[in-house]
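*Asks:* Using UniProt numbering, you'd call the opening residue of the sequence shown number 1 and step up by one each time.
The structure that follows is given in the form of structure tokens.
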Amino acid sequence: MKRFKNILFVLGNRTDETSPSLMRAIALAKTNQADLTLLYVLPKLSLTSYSKKMGISSQQLKEKVQEHEEARLHQLFSSLEPDLGIRTELKVGKRYLESIRAVQSESFDLVIKEADAIDWFSRFLGSDDMHLLRKCPCPVWLMKKDEKADYRNIMAAVDFDTGKDKPSSDALNQTILDLACSLSLSELAAVHAVNVYDVPESGFISLWVENADKVEQELAEDERRHRQYRMDALLDELKGRMGEETYHYLSLRTHVVPGIPGRDLPKMVETIKADLVVMGTVARTGVAGVIIGNTAEAVLSQLNCSVLAIKPKGFESPIF
């Protein structure tokens, strides 16, 4: 993954110990010769009652708490390889807000964070993770607590939009596939390009034509051929960017699957035993405050693996 040069790793509540996700972030930074910053966000504390009992002002107590957390952060920093050039930052506020503001002010091109939820995404609506997925302007890599040292299968979930957003969709698909393949090469993992599509018109055929079953089959086959054509074109473009020799070194498989994306994409994740899903998250571009797409949200809520979420070009974060 050569494109990331300035990586932000958002620490959880434990700043005095390393984690598999931190080790992966460090390895990625070394591979890319990228800058790596560790960010710890201390929540705003109301310490008035405690300060009175201790006989000091609430401001003095806040300073002591901050000094304690800075010492823990320094302890973590000291345990890492000294020649990596890692920076540390401590901020006070909401974790997702301070993370996004750091991206905006310091031009980070990737945010890595261990997911909060013990059972992964099943209850993360409203969490820091969901806020980052919705609002962070750069890619967000959310890793499981038990993140694997090596990936075996990586899914690139692509969406072939046929409407006015097709150019944006095509560009996003290229980015998704580029990142998945780049990581596949460094991990020696298989990459699976997956498109799950629905044919909603087929359910209404019987309302206006005779021999509806035959027409539905023809419609389904036309849609399958169209999707396969789009997938083949996407891979041809990938080969042109990578070069034929590198392309053929990939362990690349394609899956064009009829179904309901919000339901059947997670099933494909289980089928191919994906360790990481690379996918787009935003439904529209160029609108400040746009929320995550309904299909993406439905997929994310069912996953039990790590996710690298990509925004389309032109995305505007609502955070200032």
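Positions of the beta carbon are idealized from the N, C-alpha and C atoms, including for glycine.
Is the beta carbon of V194 less than 8 angstroms from the beta carbon of L265?
*Replies:* Yes, Cβ-Cβ distance for V194 and L265 is below 8 angstroms.
*Asks:* Can at least three beta-carbon pairs, one atom from the region 225-238 and one from the region 269-276, be found at a separation below 8 angstroms?
*Replies:* Counting Cβ pairs under 8 angstroms, fewer than three are found: no touch.
*Asks:* Name the two residues that bound the continuous beta strand (DSSP E) containing Y40.
*Replies:* Where Y40 is concerned, the enclosing beta strand (DSSP E) stretches over D35 to L42.
*Asks:* Measuring only the C-alpha atoms, how far is V191 from L183?
*Replies:* Straight-line Cα distance between these residues: approximately 9 angstroms.
*Asks:* Please return the same chain residues whose Cβ sits closer than 8 angstroms to the Cβ of E81, not counting the five positions on each side in sequence.
*Replies:* Cβ neighbours of E81 beyond the five flanking positions: I26.
*Asks:* For the beta strand (DSSP E) holding L110, just list the boundary residues, first then last.
*Replies:* First-last of the beta strand (DSSP E) with L110: L110 to E114.
*Asks:* For a test of the three-state rule: what should DSSP assign to V299, helix, strand or coil?
*Replies:* In this structure, V299 counts as helix in the three-state DSSP scheme.
*Asks:* Give the DSSP-derived three-state secondary structure of T88 in the structure shown.
*Replies:* It is a strand residue.
*Asks:* What does the Cβ neighbour count give for G243, buried or exposed, with the cut at 16 atoms within 10 Å?
*Replies:* Exposed.
*Asks:* Assign E98 to one of two classes, buried (16 or more other C-beta atoms within 10 Å of its C-beta) or exposed (fewer than that).
*Replies:* Its Cβ being crowded by 16 or more others within 10 Å, E98 is buried.
*Asks:* Does P266 come out as helix, strand or coil in the three-state DSSP assignment?
*Replies:* In the structure shown, P266 sits in a helix (DSSP, three-state: H, G or I).
*Asks:* If you follow the beta strand (DSSP E) that A309 is part of, which residue opens it and which one closes it?
*Replies:* Note, A309: beta strand (DSSP E), S306 to I310.
*Asks:* Would M278 pass as a contact of L308 if the rule is Cβ separation under 8 angstroms?
*Replies:* Going by the sequence as given, residue 278 is Val instead of Met. Yes, the pair counts as a contact, with Cβ atoms nearer than the cut-off.
*Asks:* Taking Cβ to Cβ, would you say S306 is nearer than 8 angstroms to M155?
*Replies:* No, they are not a contact pair.
*Asks:* I'd like to check one pair, L45 with K64: are the Cβ atoms closer than 8 angstroms?
*Replies:* No, Cβ-Cβ distance for K64 and L45 is not below 8 angstroms.
*Asks:* Which residues mark the beginning and the end of the beta strand (DSSP E) in which P258 is found?
*Replies:* Note, P258: beta strand (DSSP E), L252 to P258.
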